[in-house]
Every structure is written in C-alpha cells, then in structure tokens.
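See below for the structure under consideration.
Residue numbers (the working numbering): 19 to 492.
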C-alpha cells in the first residue's frame, strides 16, 4: 500500500474521517490509531507485524527498567543490552545473508566446502527506521532527558505510527508522545499546508523521480558500458534529482498525512543542493537522521571536544555508521567514507577561514566555488549509493572517464526535466506558499475540487508503473 496509490488514499480517507470523529473519545482514538497503523503494516506482510509488536513491547519495558534501577552500572548494562538486542534484530534481517555469503566465499577460496542453509530473510519494511526510534528512546531515558512512557498503547503508536513508519521522519519520543497525549490538533490553518505538502510530494515522486528513473537512470546504471560519457554524466545528475525527489517527496507526504491526523512532524529536507559544504549539506539532507547520528554517535564519540584529529576521526566513524546503516555492500561504505572525508574537509576549511576570514568579492567567489564543488562531490558520491555493488560503481566511473565514447542522442524531455528540477529546487517554497494562498481564497467546494484535480493530473503525468520508494529497501 504505497502512498501514491488509490488503495492508500482510500485507506487514508477512512482513517482520517474516523480519526476526527473519535477525537472526542481519546482512548478509543489512540486504539484506532494503533489498529490503523498495524493494518497498514500488515498489508505488506502480516508476519512482519509480529516483529514490530515485539520491538515495541521490549523497548517499552526496557525504558521502565532504566528508570526503576538506581545503580548507574546496572543502568548502563540495561541500556547496552537494550541497544544490543535492537541492533541484533536489525542485523539478523539486514546483514545475516551478506555475512553468510562472505563466509562461504572465503571458505571456497581456501578450498573448503560448505553446506550452509541460506535463510534469504526478507528485510521488514521500515525496520531500520523504527529501530532508530527505539534506540533513541532508551538512550534519552538513560540520559534522564525525560521519564519513560507509562502507557504501552501510546508507546506502540510512537513506534508504529503509519505515516512515518516506513521511511521517517525519525521523530524523538519527546516530540511525538506529548502530541498523542494531547489528542493532536484540529488547526484549520495548517490544513492547506498539509495538502500542499502532499501534492508537493506526489509531484516530486510521481512526475520527476519516476520519469527520470524509468527513462534515464535505470537504463544507464544497468549497463553503463552501452552508453556515452555524456549520458552517464546526465544519469548521475539525474539520480541526484531522483533520490532527492523520491525521499523528500515521501517525507513531504508523510508530514502532510500526519498533519491531517493532527500530528506536527519535523522538517526533513531544506534545499540540500544549495549547501556550501558537506557540513551544510548534512544540516539540510535527511535532517532527522543526521540529527540522530549527531546525538547518538558523533557526540558520544567525543564530537569536537577532543582535538582536531579526534574530531576528524569521529566524523569518519559517524559516516561509516551511516553507510553501514544503509547497506552492507562496500559501495555503501565508500559512500559513507566519502561523506566523512567531505565533512572533515569542511571542518578544516572552517578553521582556516575563522583565522583568515574573507570579505567582499572574495567571499562571494568562495561561496560560489564551494557550492559548485560540494554539489558535484555529492553527485559523484551518489554513484556508489545507486550502484548495485562496487563493480557497478567502478563501471559507471570508468565510463564517466571514457573520453572516446560515442555521443548518443539523449531524450530531450530528460534534459528538460533535469534543468526544470534544479530550477524547482530554488523556487519550491515560493510555489508551495502560492498554492496555500490560492486555496485559502477559494470557496470550500472549489478547494476540494482543485485538490482532487491536482491529484488526478499528477497521477496522469506519471508513468504507468511507479517505482517503489528508494528508501523502502533500507
């Protein structure tokens, strides 16, 4: 049941209608939210629902134990045990087959046979995201940031809330649970903004991301040696647009759907391709995840408090974890290390400019040059992220450097879409505000008709088959 499908919209209309009606009965409203979230998740595979319920119950009681135990050493043991079990659950489903394959390959190279039975486990959709929520909850209780939740029902909603379950945003418990207690909101002023976010997400996913994926990116990345240097270069830039529109499109819709149900969600993207360095990029890209890495990996490692070399080391480890979280292949590790190096260079540059600040035209030139280098570095690193494996990454890079390749005709619409997308990145917020202003001036009947019209047009503009969201596989 994907967001941009008729079945999901039908499901959501039913949930929204009953949710607004049941808000007068807070307990029934919360029960209904949890049942709706479980129904949504079971639609993927009912067996995976049992794992979601286990993670919810286990972390609920580990949180209670962290408050009950007074001894600091015992608290730390409980915390590490809770994190260990959460990571173990994630590792079994996400990494077990990879490590088993690696062992078999090593044994084969030394001439030893193996009779391993491969499990071929299905990665539960959203597992990586709700495990991060569970880990942050336990760590925050250990740090005494807030008291543990006393209601298993409310905590289960926090873990399983369906608009955010599959790919975030990754909300903290102290952001989400108070909204459950308060019954959400019925603020009509946010209604237009939520609809604007949903339409924005639909446009990004259905029109831009799906079109470029089907007509350019998949064709080039599947067999790069069959395409020209120019086609490969355009496909790399196109994928940068695809992953932004795909992921931020999902986030826009998730925030919009959650908003209609009365929940305010954090912003997850803020024009990341306008970033002037890697540090700025990670303040703008997948912001709830980068905030999670900062608070639960980078700062516990020492952050920037233990000298320059240790800061660079901490940045590398943090982004290594980011790469590993996305997948087990070496190409994800290379992607993470590349961003770690970019962050280290950003910190180094900031130290230099702090001692010798630029001004006037030099500052303007430095900003433009930094933006250009950052954008192209990020786009280059997307090669490792998109490729199926390390060999695929190297094949793309090899063809990118092949100056003797024959120029092939590129579909005009693909080029127009790339240019249009980059222009849209700079105007996105203005267009959203214009839509909100227009909707507020229309009578209610015309508001409903105009929104329905936009939804139909967007679906018609997209391809017949809409590719699944990229981050669903993480």
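Beta carbons: idealized from backbone N, C-alpha and C, even for Gly. Since the model is a prediction, treat every value here as computed from it, not as a measurement.
Does the separation of the CB atoms of residue 140 and residue 51 fall below 7 Å?
-> Between residue 140 and residue 51, the C-beta gap is not smaller than 7 Å, which leaves the two residues out of contact.
Report yes if the CB atom of residue 153 is closer than 7 Å to the CB atom of residue 306, and no otherwise.
-> With respect to the 7 Å criterion, residue 153 and residue 306 are not classified as neighbours on the basis of their beta carbons.
Would you report the Cα separation of residue 315 and residue 106, rounded to the nearest angstrom?
-> Computed Cα separation, rounded: 17 Å.
May I ask you to verify whether the region 259-271 touches the region 314-331, counting CB pairs closer than 8 Å and requiring at least 3?
-> For the pair of segments examined, the region 259-271 was found not to touch the region 314-331: the number of CB pairs separated by less than 8 Å stays below three.
With residue 85 as the anchor, note down where its alpha helix (DSSP H) starts and where it stops.
-> Here the alpha helix (DSSP H) through residue 85 covers 64-86.
Only counting runs of 4 or more residues, tell me where the alpha helix (DSSP H) segments fall wholly within the region 292-334, in order along the chain.
-> Restricting attention to alpha helix (DSSP H) runs no shorter than 4 residues, the region 292-334 encloses them at 296-302, 305-311, ordered along the chain.
Could you tell me whether the Cβ atoms of residue 144 and residue 183 are closer together than 7 Å?
-> For the pair residue 144 and residue 183, the CB atoms are nearer than the 7 Å cut-off.
In whole angstroms, what separates the C-alpha of residue 418 from that of residue 411?
-> Across the structure, residue 418 and residue 411 are spaced so that their CA atoms are roughly 11 Å apart.
Counting only the same chain and skipping the five closest in sequence on each side, list residues whose C-beta sits under 6 Å from that of residue 336.
-> 311, 315, 316.
DSSP state of residue 259, grouped into three classes?
-> Residue state for residue 259 is assigned as helix, using DSSP reduced to three classes.
Rounded separation between residue 470 and residue 269 - CA only | Using only the alpha carbons, I get a separation of about 21 Å.
How do the region 393-411 and the region 348-366 stand: do at least 3 beta-carbon pairs fall below 8 Å, yes or no?
-> Cβ pair count under 8 Å is three or more, so yes.
With a CB to CB cut of under 7 Å and the five nearest residues on each side skipped, what residues in its chain are close to residue 228?
-> Shown here for residue 228: same chain residues with a beta carbon closer than 7 Å to its own, the five before and five after excluded, namely 480, 481, 484, 485 in chain order.
To the nearest angstrom, report how far apart residue 254 and residue 398 are at their CA atoms.
-> Taking the straight line from one Cα to the other gives about 7 Å.
Regarding residue 267 and the ligand MN, is the C-beta to nearest heavy atom distance less than 6 Å?
-> Ligands displayed in this structure: none; no statement on the ligand MN is therefore possible.
Taking contact to mean at least 3 C-beta pairs separated by less than 8 Å, is the region 188-201 in contact with the region 35-52?
-> Yes: at least three Cβ pairs fall under 8 Å.
On the three-pair Cβ rule with 8 Å, is the region 291-309 touching the region 236-247?
-> Taking 8 Å as the limit for Cβ pairs, the verdict is that the region 236-247 does not touch the region 291-309.
Output the residue ranges of the alpha helix (DSSP H) runs that lie fully inside the region 169-198 and measure 4 residues or longer, sorted by chain position.
-> With a minimum length of 4 residues, the continuous alpha helix (DSSP H) runs that stay inside the region 169-198 are 170-178, 180-183.
Identity of the residue in 302, 407, 34, 118 nearest residue 279 by Cα | With distances taken between Cα atoms, residue 279 lies closest to 34.
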